[in-house]
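Quick notes on the structure that follows.
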Amino acid sequence: MTSLDKAFALAQAALDKKAYDLVLLEVEHLSSVADYFIIATGRSDVQVQAIVRGIQERMEREKVRPLSVEGLPHAHWVVLDYDDVVVHVFFEAAREFYRLERNWVDAQEVELPEPIRSQAKDLRLSAASATG
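According to my numbering, the sequence shown is numbered sequentially starting from 1086.
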């Protein structure tokens, strides 16, 4: 599985648990830590935990395990390190506070393939209508 294929699988798993505002960033040329970052949001700590569990279950079926998982007890910002892809799952308020994307302004946003792109768009619109 290539790192991009892994990133798409991780993104799909997060979206399957209704993560929203999902962004896939290519950071290979900016960081020695990973090739891709995924940043996603959950509406509550319970949803953040469900997103993380969904990601882990999906990747276990692919025989891929994270090198580490940090932040799960509080579930405000959980980081799953899948070696060449790092997933950040935020609770809404934490994502707004940390604004991780601003630290990676030079990163290229990767366009998600269909049907992942449509699912991400639908969840983004649903979240926007729920808050505004």
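All residues carry an ideal CB built from backbone N, CA and C; glycine is no exception.
Since we're looking at a predicted model, the values are computed, not measured.
- About 22 Å separates the CB atoms of Tyr-1121 and Ala-1212; that is not less than 8 Å, and the two are not in contact.
- The C-beta distance from Val-1190 to Val-1174 rounds to 21 Å, too long to meet the 8 Å contact threshold.
- Excluding five sequence positions before and after Pro-1151, the CB atoms of its chain that fall closer than 6 Å to its own CB belong to Leu-1165, Asp-1166, Tyr-1167, given in chain order.
- Between the C-alpha atoms of Glu-1155 and Ser-1214 there is a straight-line separation of about 31 Å.
- Per the DSSP secondary-structure output, Val-1133 pairs with nothing in a beta bridge.
- Of the candidates Pro-1158, Val-1172, Lys-1206, Ala-1099, the residue whose Cα lies closest to the Cα of Leu-1110 is Val-1172.
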